[in-house]
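Numbering (the numbering used here) for the sequence shown: 56 to 777. Positions of the beta carbon are idealized from the N, C-alpha and C atoms, including for glycine. Here the structure is a predicted model, which is why all the values come from computation and not from measurement. Input: a single structure, listed below in C-alpha cells.
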Amino acid sequence: MDLSDAHGQCWLIEMRHSAYKLGINPEGRLLHYYWGPRLPFVTDYPLNAPAQYDDVHLQRRLNWEEYPPATGFHFTEPALKVTFADGTRDVRLRFDTVATSASTPSAGKRDQLVLTLRDEFYPLRVELHYRTYADHDILERWAVLANDSDQPLALESALSATWQLPALSEGAYRMTHLTGRWAAETQISQTAVPLGRTILESRRGLSSREANPFCMIDELRDGAGATETHGTVWATALAWSGNWKIACDAVADPARLTLSAGINDYDFAWQLRPGEHFTTPTCIGTFTTAGFGAASRNLHAYQRDIVLPRAFAHQPRPILYNSWEAVGFSVNDVNQRELAARAAQIGIELFVVDDGWFGLRTSDSAGLGDWYVNSEKFPNGLAPLIDEVHDLGMRFGLWVEPEMVNPNSDLYRAHPDWAYHYPTRPRLQERNQFVLNLARDDVADYVLQTLDHLLTQHAIDYIKWDFNRSLTELGWPVAPLAQQREATTRHIHAFYAIVETLRARHPSVLWEVCAGGGGRADLGSLARFDQCWTSDNTDPYDRLCIQEGYSLAYPARTMAAWVSPSPMSHDVNNGVVSMRFRFHSAMMGVLGIGDDLRTYTPQQIATASALIEEYKRIRPLVQDGAAYRLLSPRHNPHSAVQFVSPDGTSSVIFVFQHRQHYWQAPPVVYPQGLRPDLRYALTGPADEADQLPRSGAAHAQLGVHPQLNGHFGSSLLHLQAV
Ligand code: GLA
Numbered sequence: 056m057d058l059s060d061a062h063g064q065c066w067l068i069e070m071r072h073s074a075y076k077l078g079i080n081p082e083g084r085l086l087h088y089y090w091g092p093r094l095p096f097v098t099d100y101p102l103n104a105p106a107q108y109d110d111v112h113l114q115r116r117l118n119w120e121e122y123p124p125a126t127g128f129h130f131t132e133p134a135l136k137v138t139f140a141d142g143t144r145d146v147r148l149r150f151d152t153v154a155t156s157a158s159t160p161s162a163g164k165r166d167q168l169v170l171t172l173r174d175e176f177y178p179l180r181v182e183l184h185y186r187t188y189a190d191h192d193i194l195e196r197w198a199v200l201a202n203d204s205d206q207p208l209a210l211e212s213a214l215s216a217t218w219q220l221p222a223l224s225e226g227a228y229r230m231t232h233l234t235g236r237w238a239a240e241t242q243i244s245q246t247a248v249p250l251g252r253t254i255l256e257s258r259r260g261l262s263s264r265e266a267n268p269f270c271m272i273d274e275l276r277d278g279a280g281a282t283e284t285h286g287t288v289w290a291t292a293l294a295w296s297g298n299w300k301i302a303c304d305a306v307a308d309p310a311r312l313t314l315s316a317g318i319n320d321y322d323f324a325w326q327l328r329p330g331e332h333f334t335t336p337t338c339i340g341t342f343t344t345a346g347f348g349a350a351s352r353n354l355h356a357y358q359r360d361i362v363l364p365r366a367f368a369h370q371p372r373p374i375l376y377n378s379w380e381a382v383g384f385s386v387n388d389v390n391q392r393e394l395a396a397r398a399a400q401i402g403i404e405l406f407v408v409d410d411g412w413f414g415l416r417t418s419d420s421a422g423l424g425d426w427y428v429n430s431e432k433f434p435n436g437l438a439p440l441i442d443e444v445h446d447l448g449m450r451f452g453l454w455v456e457p458e459m460v461n462p463n464s465d466l467y468r469a470h471p472d473w474a475y476h477y478p479t480r481p482r483l484q485e486r487n488q489f490v491l492n493l494a495r496d497d498v499a500d501y502v503l504q505t506l507d508h509l510l511t512q513h514a515i516d517y518i519k520w521d522f523n524r525s526l527t528e529l530g531w532p533v534a535p536l537a538q539q540r541e542a543t544t545r546h547i548h549a550f551y552a553i554v555e556t557l558r559a560r561h562p563s564v565l566w567e568v569c570a571g572g573g574g575r576a577d578l579g580s581l582a583r584f585d586q587c588w589t590s591d592n593t594d595p596y597d598r599l600c601i602q603e604g605y606s607l608a609y610p611a612r613t614m615a616a617w618v619s620p621s622p623m624s625h626d627v628n629n630g631v632v633s634m635r636f637r638f639h640s641a642m643m644g645v646l647g648i649g650d651d652l653r654t655y656t657p658q659q660i661a662t663a664s665a666l667i668e669e670y671k672r673i674r675p676l677v678q679d680g681a682a683y684r685l686l687s688p689r690h691n692p693h694s695a696v697q698f699v700s701p702d703g704t705s706s707v708i709f710v711f712q713h714r715q716h717y718w719q720a721p722p723v724v725y726p727q728g729l730r731p732d733l734r735y736a737l738t739g740p741a742d743e744a745d746q747l748p749r750s751g752a753a754h755a756q757l758g759v760h761p762q763l764n765g766h767f768g769s770s771l772l773h774l775q776a777v
C-alpha cells in the first residue's frame with residue numbers, strides 16, 4: 056500500500072497493479088473516488104468522487120458514500136442500519152480521525168488505514184479498516200462499530216463493505232457468481248447485471264452450496280465481456296461462514312454499480328450495549344485488467360500467503376484415504392485395518408475414518424452428539440487402529456459433526472433444550488438431525504470440551520468437520536428478547552472460536568471443513584481450516600465443472616478431491632471411467648482416494664500406486680503454483696487446466712476429453728504463464744513435434760497437441776525448463 060494523504064482530505068491506497076482512493080467532502084462525508092488500475096502518477100487519480108446525482112427536487116444524494124448508512128436519500132443497500140435508544144433510525148456519519156500503521160511479519164509488509172467516523176449526534180463510532188499486502192492486489196476491508204454512549208443501541212444491518220464501481224461510459228456490467236446444490240456445488244453462473252437490485256445470499260445458517268459468498272463483475276461491451284486472459288474484472292469475497300448477503304445495486308443514470316457485502320441482515324440484530332463494539336467479518340476486493348484468470352490467481356495467492364492457517368499454509372497436503380464411499384456407516388476395526396493396509400501399499404499418507412465410528416451410529420438416524428467410540432465396531436477403542444495406521448507410516452484422521460445432534464442420542468435425551476427451537480413449534484429435521492445452539496455459552500463449551508477430550512485421548516492427526524443441514528427454527532428461548540436475533544451470528548463466532556482454540560491446543564492437527572459436500576467453502580472457513588471438501592459428487596467428469604467453479608475463488612491446495620469407485624457408489628451418473636481419468640480429475644486438487652481398495656486387483660494397485668507417485672512429484676506445482684484454466688469443461692468436449700511453479704520453470708497441463716465425437720482431433724492447448732525466454736522440454740502423451748525443446752513464447756504461440764483417446768480420455772503433460 057502506498058498511502059498518501061495529500062491534503063489531509065483524501066487517501067490513496069496503491070497495490071501492485073491496482074489502486075483505491077477515497078476522501079472527505081466539505082461536509083465531512085467519506086466518499087469513494089476510485090477503484091481501478093494503478094496509474095503512473097499520484098496526481099493521475101480523481102480529486103473528487105464522481106459528480107453527484109441530483110434528483111428532480113435537486114436534493115443532493117450522497118451516492119458515493121464509502122460506507123453508506125441508512126439515512127437521507129440513500130435508497131440503495133445501506134451498509135449500516137441502527138436503531139438508537141430513543142427510536143431514531145437514521146445514521147449520519149462524519150469523518151473524525153485517521154490512523155495508519157505498517158508491519159512486516161514473515162508473510163511480507165502489510166499496511167493498514169483506519170478511518171474513524173462518528174454520528175453527528177449520537178456517540179456511535181464507526182471505524183473503517185483497510186489493509187493491503189505488499190505482494191498482493193487485494194484490499195481487505197472491515198468495520199468496527201462501537202457504542203460510546205451510556206444507552207444500548209440495536210444494529211439491524213452491519214455490512215463489511217460497500218464497493219463502488221465506476222460509472223461506465225458505454226456498455227454494462229456482467230456478474231459471475233457461484234450457485235449450486237448438493238452434488239453440484241460451485242456452478243458458474245454468468246449474467247448481465249439487470250438494472251435494479253440483485254441479491255446473492257444465504258439464509259441457511261451456513262455459507263451454503265446454493266450460493267457462495269463471492270462474486271466477480273466485468274464490463275460488457277457490445278455483448279462481449281472479459282475472458283480468462285483479458286479484460287477488466289472486479290471481484291469480492293466475504294470471510295463469513297454463516298448467513299451472508301452481497302447486494303448488487305445497478306443504477307441507470309449515471310450508470311453505476313455498488314456491491315454491498317456482509318453478514319445477512321435477514322433475521323439479524325445485534326444489541327450493542329454501552330462500551331461494546333461489533334467487528335464485521337472481512338470482505339476483500341481485487342481488481343485486474345487481465346481477465347478472470349488473473350482475478351482468480353490474485354485470490355489464490357492471497358489465500359495461500361495470508362488467509363490459510365499459517366502452520367500448514369505451505370506444507371504439502373497429504374494424500375488421504377477416506378472410508379466413506381467404501382463402507383459408509385459400517386466402519387469397524389476389521390474393515391478399517393484391511394483398508395489401511397491397502398492404503399499404505401499404494402502410497403497413501405493419511406488414513407481417515409469417516410462417519411459411523413461413534414455412539415450408536417449405524418445410519419444417519421442416531422448418534423450425533425455422542426462422541427465416544429462405538430464399542431461394538433471398535434471393541435478395544437480406536438487406539439489399536441490408530442497405532443496400526445501410524446505403524447504403516449500414515450497419519451490418522453477422523454470425521455466429526457460437532458454442531459449437530461440426532462434426536463436419538465444420549466446428548467439430546469439429556470439436553471433437548473440445547474438445539475435451536477421455538478417451544479410452540481415443531482422442530483424440523485433434516486437428515487434426522489437438529490442443530491445445537493452454539494450461541495449458548497454452555498453448549499459451545501460442551502462442544503469444545505468434547506472435541507478437546509477426543510483429541511487429547513487419541514493420537515489424531517486430522518479432523519474432517521462436517522455440517523449436514525441448514526438452520527431452521529432459530530429460537531433461543533432462554534436469551535433476552537433483544538438478543539435472540541444474534542443467534543446465527545453468535546453461532547459462527549462460537550464455531551470459529553472452538554476451531555481456533557482446538558488448533559492452539561492441538562497444533563499438529565490438520566483440519567478439513569465440510570458441509571454436506573461443499574457447503575462451507577468460504578474465506579472464513581479457510582482462515583481456520585487447511586482444506587475444504589468440495590462436493591459429495593466425486594464423479595470425475597462432474598467434478599471438472601465443480602472444480603472449475605471452485606477455482607474461480609479458491610486455490611487448489613484447499614480443494615479436496617477423491618478418486619471414487621466407477622461407477623460411483625452413490626450411483627449418481629452410472630458412468631464407467633478409467634482410473635487414469637479419475638485420478639487426473641482429482642489430482643488437480645488435494646488428492647484423496649475413496650474407492651474400496653479391498654476390491655483392487657494387482658493391476659489396479661500398480662496403476663494407483665504409479666499415479667500417486669506421479670501426484671507426489673507434481674504436488675508442489677498443483678498446490679503452490681499458479682492455476683490457468685485453459686479450456687473450460689462447461690461448453691466443450693474437452694477441458695484443460697495448467698499449473699505453473701512460482702518460478703515459472705516447470706508446469707503441468709491436465710487435458711480431458713469428455714467425449715470423442717466423429718473422430719474429432721484433440722484440441723490444441725495454448726500454455727500460459729511460461730517464461731517467454733526459457734526453453735522448455737515437454738514430456739507426456741503429445742505430438743512428437745511438441746517434444747522438441749521450445750521457448751515459453753513458442754509453446755504459447757504454437758500450442759501443444761495432446762494425445763487423447765476415446766470417451767473420458769485424459770493426458771498429463773509436463774513442461775520443464777532445460
Ligand atoms: C457428508 C459429507 C460426506 C460424508 C458424510 C458422512 O455428506 O459431505 O463426505 O462425510 O457426510 O455422513
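What do you reckon, are the CB atoms on residue i and residue j nearer than 8 Å?
i: F767; j: Y596; result: yes
i: A395; j: V455; result: no
i: A213; j: W325; result: yes
i: L483; j: E555; result: no
i: R612; j: Y517; result: no
i: L491; j: E541; result: no
i: V288; j: G340; result: no
Is any non-hydrogen atom of the ligand GLA found closer than 7 Å to the C-beta of residue i, if you look at the structure I gave you?
i: C587; result: no
i: W454; result: yes
i: D304; result: no
i: G424; result: no
i: D442; result: no
i: D410; result: yes
i: C65; result: no
i: N523; result: yes
i: D419; result: yes
i: D650; result: no
i: W520; result: no
i: W566; result: no
i: C778; result: The structure shown does not extend to residue 778, since the chain spans only 56 to 777, so no value can be given for it.
i: D516; result: no
Between which two residues does the alpha helix (DSSP H) containing residue i stretch?
i: Y670; result: 657-679
i: H548; result: 542-560
i: L394; result: 388-401
i: R468; result: 465-469
i: F347; result: 346-357
Consult DSSP for residue i and reduce its assignment to one of helix, strand or coil.
i: C569; result: coil
i: V632; result: coil
i: H445; result: helix
i: L183; result: strand
i: R637; result: helix
i: E485; result: strand
i: Y376; result: strand
i: S694; result: strand
i: P595; result: helix
i: G649; result: coil
i: Q719; result: coil
Using CA coordinates, which residue listed in the options is at the minimum distance from residue i?
i: D388; options: P249, Q775, L437; result: L437
i: G235; options: L148, D591, Q391; result: D591
i: Y228; options: G286, A608, Y185; result: G286
i: D203; options: A396, R186, R173, E195; result: R173
i: Y725; options: H713, E82, D745, Q715; result: D745
i: I68; options: Y100, A469, A534; result: Y100
i: G83; options: E120, L652, R71, V502; result: E120
i: K671; options: A222, I401, L763, P731; result: I401
Please report the residue range of the beta strand (DSSP E) in which residue i lies.
i: A499; result: Premise fails: A499 lies in the alpha helix (DSSP H), 496-512, not in any beta strand (DSSP E).
i: P756; result: The displayed chain sequence assigns Gln, not Pro, to residue 756. Taken as a continuous stretch (DSSP letters only), Q756 belongs to no beta strand (DSSP E), being part of the alpha helix (DSSP H) at 751-757.
Quick one: does residue i have its CB under 8 Å from some CB of chain D?
i: F367; result: The structure shown has no chain D; it contains just one protein chain.
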